[in-house]
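Using the working numbering, the first residue of the sequence shown is number 5, and each one after it goes up by one. To start, the structure itself, in structure tokens.
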Amino acid sequence: MELLNQIATSLQEGDDARAAELTRQAVAEKIPARQILDQGLVAGMNVVGRLFRDHEIFLPDVLLAARAMYAGLDVLKPLLVSENVPTAGKIVIGTIQGDLHDIGKNLVGIMLRGAGFDVIDLGNDVAPEKFVETATRENAQVIGMSALLTTTMTGMQRVIELLKTKGQRGRIKTIIGGAPVTAEYAREIGADAFGFDAASAVERVRELASQ
Ligand code: B1M
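Structure representation (structure tokens):
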């Protein structure tokens, strides 16, 4: 549908005013909110994620696209709630204790929200107990941890150990990511998944939430 393609394009162009205006127009044309979300905003964000992964666009472009996506989402949010659209799942994210690098984590959060997940973002420098307590209280399916420092990444293992101690290890899955983190490290500490970038994180979280 042409209007939904235009919404997707407005995200790629980072044009928040146009994204909001086109979303309002789609709502006025009685296109269901979920369709506007999936085929307009999420479709646009998926393209942005692929371009970023392939180094065809850069961080500022992604942040502008994210701002445009939020502008469209602001229009849709009340309708999505009233349409009772089920979320794709709930995930608690944050950077691990001692780590203040949150740009990558924020990108992952944005992409997850764009893919329809309910994201609880605990911010940066998050203690292991806070990850586990929040995920348990909020009945989240997944905990997502980000680390950019080799000295902080070891804290990820503490979260997994705490999940075991609290008897939540089987129910709450874990995904880890960040520049120094590897798939091998994820296996070593018993994480359920590794996200190389924001796009792959969304794919992995989708798999984890459906298990
Ligand atoms: Co710092 N820093 N920094 N830093 N910093 C690095 C990480 C470093 C590699 C620079 C270097 O020396 N070359 C180095 C770490 C060395 C190491 O540990 N081996 C370093 C250092 C040493 C430090 C300090 C210790 C410096 C000092 O004070 N002496 C200090 C530590 C502070 C702390 O955390 N306690 C520090 C501070 C800072 C700033 C505050 C100035 C700033 C952070 C600002 C912020 O985030 N709000 C900063 C920055 C910007 C960087 C670099 C330059 C850029 C990081 C970044 O944002 N990349 C970085 C060097 C570099 O990486 N080139 C560096 C862009 C971002 C989009 O990528 O975060 O990798 P990234 O996220 C990707 C993937 O990794 C993945 O998806 C994202 C999107 O593709 N991903 C996930 C990330 N999280 C994921 C989670 C998932 C799945 C995928 O699932 C949950």
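Positions of the beta carbon are idealized from the N, C-alpha and C atoms, including for glycine. Computed from a predicted structure; not experimentally measured.
Query                                                                                                                                                             : Result
What's the gap between the Cα of Val130 and the Cα of Gln16?                                                                                                      : 32 Å
At which residues does the alpha helix (DSSP H) containing Met5 begin and terminate?                                                                              : Looking at the DSSP string, Met5 is not in any alpha helix (DSSP H), and its letter there is neither H nor E.
Where DSSP assigns a beta bridge to Ala242, which residues make up the other side?                                                                                : In the structure as shown, the chain begins at 5 and stops at 215. Residue 242 is therefore absent and cannot be evaluated.
May I ask you to report which of helix, strand or coil DSSP gives Val52?                                                                                          : helix
Can you tell me where the alpha helix (DSSP H) holding Thr27 begins and where it ends?                                                                            : Asp20 to Ala32
In this structure, does DSSP put Asp125 in helix, strand or coil?                                                                                                 : strand
Can you find the residues in the same chain that come closer than 8 Å, C-beta to C-beta, to Ala205, ignoring five residues on each side of it along the sequence? : Val112, Met115, Leu116, Gly148, Ile179, Gly181 and Gly199
By Cβ distance below 7 Å, which residues in the same chain neighbour Val123 in space, the five residues on each side in sequence not counted?                     : Ile95, Ile97, Gly113, Leu116 and Arg117
Select from Leu68, Thr13 and Arg54 the residue whose C-alpha is nearest the C-alpha of Gly44.                                                                     : Thr13
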